[in-house]
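Just so you know, the protein sequences line up as chains A and B, in that order.
Oh and the first sequence: position 237 is 338 in my numbering, straight run, nothing missing.
Oh and the second sequence: position 29 is 30 in my numbering, straight run, nothing missing.
What follows is one structure encoded as structure tokens, with my remarks underneath.
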Amino acid sequence: MTEQKEQQTNCFHCGLPVPAGLDIEVIIDNTPQPMCCRGCEAVAKAIVDGGMENYYRYRTEKSKTAQELVPDVLRQAEVYDRDEVQKSFVRHNDENLREASLILEGIDCAACVWLNEQHIRAQPGVHEAQVNYSTHRARIVWDEREIKLSDILKSVSEIGYIAHPYDPSQHHQLLEKQRKDYLKRLGLAGALGMQVMMFAIAMYTGDWWGMEPQYRTFLQWISLLLTLPVFLYSGWPFYRAAWRDLRHKRAGMDVPISLGIVIAFCGSLFTMIGSGDHVYFDSVVMFIFFLLTARYLELVARKKASEHTEALIQSQATTAIREQAGNQTEVVAAQELEPGDIVQVKPGETIPSDGEVIEGGSSVDESLLSGESHPCAKQVRDKVIGGSINIESPLRIRVTSSGQETVLSTILRLVERAQSEKPAIARLADRVASRFVIAILLLATAVASYWYFNDPSQWLSVTISVLVVTCPCALSLATPAAITAATGALIRDGLLCSRGHALESLSKISHFVFDKTGTLTDGNLGISQSLCLTDAMDEASCLLYAASLESRSEHPVARAFLSAAGDDLLAAEDISSTPGGGISGRVNGRQVHLGNTVYIRQETGLGLTPEQQNRLEDGTRVVLSDDTRLLAVFVLQDAIRGEADSLVNSLKQAGVKTLLYSGDDETAVSIVAHRLHITDYKAAMLPADKLQQLRELQKQGATVAMLGDGVNDAPVLAGADVSIAMGEGARYAAAAADMVLFRNNLNILYRGITVARKMMRVIKQNLGWALAYNITALPLAAMGIIQPWMAALGMSASSLIVVANAMRLTK
Amino acid sequence: MEIIYFLIPMALVLVAGIVAGLFWAVKSGQFDDLEGPAHQIIMDEEIYPEDSDKETKQD
């Protein structure tokens, strides 16, 4: 324990370094463990006092730092206790028992699931709590007389997670229903199919070695009996889709599939009743089973994508600040808003509902909703869209449509987008396959009529062979199988692809642009040095003035001051801020300014002397002054993430150029760039500049990936070929990005690129193989060389090869 | 070989049972979470605030 004092200690709970001089410990498993802040201490204590130390034994990821938790949503948790709000997501099991679904944020490993379950169950009045590991959703049942929903939400935050209610959309429920439906059809086809195959083997050997006719007939009838439910029930989705295609005069994949199945089944039925010749029931079930498997896997991948998107959207602030009579405000859920209500929207917040600006001027980001990537300026009387984000200054808005509609439509729009998009290569495969289908149908007709007139005994078997062997399912499976495997592997690692083209674009990137704050660094500015420049005040009161001035700001700099100064702040008024400069206002009746050196010079004409500058460390310098003299200088520093270095290196080795565009000032950016050996960096960039730079790179033929986390990055993210958001950053940015990095480890990005490149290779191999197979097998089938059973075997084998090749990606 | 007239229908009954079981499993939510239980099994034990065995293993 003694040498710990010499070297840097890390917080046992969250893994961050413990600030020097801080000595907080919590006894875990009888060993005192260091903690980095009071927040982590409280969380660790809550876990230990609840008897859940097991969590620390089994967890595989460090926990989230406690102070980042408790967002506004939770402070306003009482909103969720109201009946009007609960209407949308709470079920009443009986008079007092209520049931709801919650989304849990911060779950990284199985120990988290366990911890949450145990902790929620331990609350008095909670009857049931179950956490689903794959979806991060919790189902809870509680007794309204004993505990309120808000208390449950708060109890979850005690152990360091965030829970918020979740209202499963119809879309999601539909997908889940569909998945279960497919599972049944698939199970039936599998179970019965195995039997049919077994009898088929008996009959094939019978063909070879001879078999008494009565057994043969018996086996055929049994096969028919077993095939019938598969044919009718399991095959139904194909017939339905084929019928839909036909009605719309399209040639989809399902048309030859259905035709092949129906012809093979009916043909077998007729030959069985008539001549008692060969039957193809085994081909029918095998065909249906393999195709259903492919469809099922695709559905599961889609459902997973939609779950993540929905979770992101639902976690967005769905509360609003509504004005009441007499200068009062109240916090309400966005769904509660009615036309005519007046709401206040702070910078950085989502506009809760469609409305009209009645006071203030700001720019609003609507890229998510309209696709317009530039922020739009909004003045009084301008219309704003619910779900867009307010960037600069506070707005007062009169609501024009009910919140319920707005929130739902936003969710739906996002989910739809995530699912409707297919990567270019998949679209190509679809187009090729569709033409292929028409060609197959024409060819099958030609082959059938040729054989019918030349050798009537053979026509059925040849036609079935042609239809089955040429079924372009390997072709149509080639891309989705690879994408599903790659996406699945990456989701497991903590990188979510929320748009179809993401992986394909990622495989081609030539430039990788970082946004410094919160991406390469861990995003928490801290005051590393403070220097008092006047005798009239001491350091602590300078800090207090600075924090009071920043008390209403959401900027990272403000957070650094606020967390250092504590809760007892002075009253501040007449605050005006200059983005990228600083902030001025009256604190305790005294006019003070806080900002970078340029800003202070503009406001007061004062500057630091060279001697003073020499005494300062590297970092972002923030100066506090009143109208006549400088009061103090603070140096803020942001620690570089541990993995940032190795990520930049591996990117360079992979032939990807790394760039750093930041809104921070020159010194801060150059320090980071220098330490990470990024030669190409630009500082003090506004979002519009970043976008401009990005466009220029793209004009020179670069494919650009961008990693960002801030609200103001959203338009830039939208402009990049593939955009990646930090899952911990502003939720809005996450919703707008193509990919979201959920785990706090940058190296996953490099893995993402490797997997994406490998995926493209696999897709090309798959497409090549599928095409080659179809082209070789077709003439053989048309000539009658291939028997239907060989065709079914060949078709399945080619599909399986494609899938197996794709599965290599999951390793 | 007449035995197959008995054995195969028996097999059919078994298959029917399997399918019925599968439908029941799907309906009752056995397939809702396919990953969680695999992880949870290692932590299924109840909470023992004074668990002396664990402490010795810690070293």
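Note that CB positions come from ideal geometry on N, CA and C, so glycine has one too.
These figures come from a predicted structure and were not determined experimentally.
Check                                                                                                                                                                                         : Outcome
With the cut-off set at 8 Å, would you say VAL903 (chain A) and LEU400 (chain A) are in Cβ contact?                                                                                           : no
Establish whether the CB of ALA12 (chain B) and some CB of chain A are separated by less than 8 Å.                                                                                            : yes
Which one of A:ASP766, A:ILE128, A:LEU576 and A:ASN689 has the shortest CA to CA distance from MET896 (chain A)?                                                                              : A:LEU576
Using the beta-carbon of each residue, which ones in chain B are nearer than 7 Å to ILE323 (chain A)?                                                                                         : ILE9
Quick one: give me the first and last residue of the beta strand (DSSP E) that GLN692 (chain A) is part of.                                                                                   : 691-696
Going by DSSP in three states, MET807 (chain A) sits in which element: helix, strand or coil?                                                                                                 : strand
Quick one: does ILE4 (chain B) have its CB under 8 Å from some CB of chain A?                                                                                                                 : no
Short check: CB of LEU792 (chain A) to CB of GLY820 (chain A), under 8 Å?                                                                                                                     : yes
Given a limit of 9 Å on CB to CB distance, which residues of the segment 307-333 of chain A reach chain B?                                                                                    : GLU313, TYR316, PHE319, LEU320, ILE323, LEU326, LEU327 and PRO330
Thinking C-alpha only, which one of A:ALA740, A:LEU731 and A:GLU437 is nearest LEU777 (chain A)?                                                                                              : A:ALA740
Near SER900 (chain A), what residues of its chain come up, given a Cβ to Cβ distance below 6 Å and the 5 sequence neighbours on each side ignored?                                            : PHE391, CYS574, ALA575 and LEU578
At 8 Å on the CB atoms, spell out the chain B contacts of LYS285 (chain A), in chain order.                                                                                                   : LEU23, PHE24 and VAL27
Listed from N- to C-terminal order along the chain, which residues in the segment 287-304 of chain A have their beta-carbon within a distance smaller than 7 Å of any beta-carbon of chain B? : GLY288, LEU289, ALA292, LEU293 and GLN296
Determine the chain B residues that contact LYS783 (chain A) at a beta-carbon separation under 7 Å, and present them in chain order.                                                          : By Cβ distance, chain B contributes nothing, its closest Cβ being about 43 Å from LYS783 (chain A), past 7 Å.
Taking the alpha carbon of THR759 (chain A) as the point to measure from, which residue in A:LEU393, A:ILE565 and A:SER747 has its own alpha carbon closest?                                  : A:SER747
Under 7 Å Cβ to Cβ from LEU752 (chain A), same chain only, skipping five residues before and after it: list those, please.                                                                    : PHE613, THR759 and TYR851
What's the gap between the Cα of CYS633 (chain A) and the Cα of GLU712 (chain A)?                                                                                                             : 14 Å
Throw me the rounded Cβ distance for the ALA12 (chain B) and GLN296 (chain A) pair, which I believe falls under 8 Å.                                                                          : 7 Å
Tell me the DSSP secondary structure of MET153 (chain A) in three-state form.                                                                                                                 : coil
How would you write the range of the beta strand (DSSP E) that GLU200 (chain A) sits in, first residue to last?                                                                               : 198-206
Please compile the residues from chain D whose C-beta is within a distance smaller than 8 Å of the C-beta of LYS281 (chain A).                                                                : Chain labels in this structure do not include chain D; the protein chains are A and B.
Under a CB-based cut-off of 8 Å, is PHE113 (chain A) close to chain B?                                                                                                                        : no
Here's the rule: buried if 16 or more other CB atoms are within 10 angstroms of the residue's CB, otherwise exposed. What is PRO448 (chain A)?                                                : buried
For a test of the three-state rule: what should DSSP assign to ARG56 (chain A), helix, strand or coil?                                                                                        : This structure gives no information on residue 56 (chain A), because the portion of chain A shown stretches from 102 to 912.
Count the other C-beta atoms from every protein chain shown that fall within 10 angstroms of the C-beta of ASN131 (chain A), then say buried if there are 16 or more, exposed otherwise.      : exposed
For LEU910 (chain A), collect the residues of the same chain with a Cβ closer than 8 Å to its Cβ; drop the 5 residues on either side in sequence, then sort them by chain order.              : ALA583, ALA586, ALA587, ALA590, VAL856, LYS859, MET860 and VAL863
Could you tell me whether any Cβ in chain B is nearer than 8 Å to the Cβ of SER521 (chain A)?                                                                                                 : Note that SER521 (chain A) scores 49 on pLDDT, short of 50, meaning its location in the model is unreliable; the coordinates nonetheless yield the value given after this. No, because no Cβ of chain B sits closer than 8 Å to the Cβ of SER521 (chain A).
Can you check which of these residues, A:GLU767, A:LEU818, A:ASN697 and A:LEU808, is closest to ALA789 (chain A) by C-alpha distance?                                                         : A:LEU818
Which residue comes first and which comes last in the alpha helix (DSSP H) that contains ASP182 (chain A)?                                                                                    : No alpha helix (DSSP H) holds ASP182 (chain A); DSSP gives it neither H nor E.
Run the CB neighbour count on LEU543 (chain A), radius 10 Å, all protein chains shown included, and call it buried at 16 or more, exposed below.                                              : exposed
Going by the CB atoms, is the gap between LEU438 (chain A) and PHE615 (chain A) shorter than 8 Å?                                                                                             : no
Tell me whether THR911 (chain A) sits in a helix, a strand or coil according to DSSP, three-state version.                                                                                    : helix
For VAL16 (chain B), I'd like the list of residues in its chain whose CB is within less than 8 Å of its CB, leaving aside the five on either flank, ordered along the chain.                  : none
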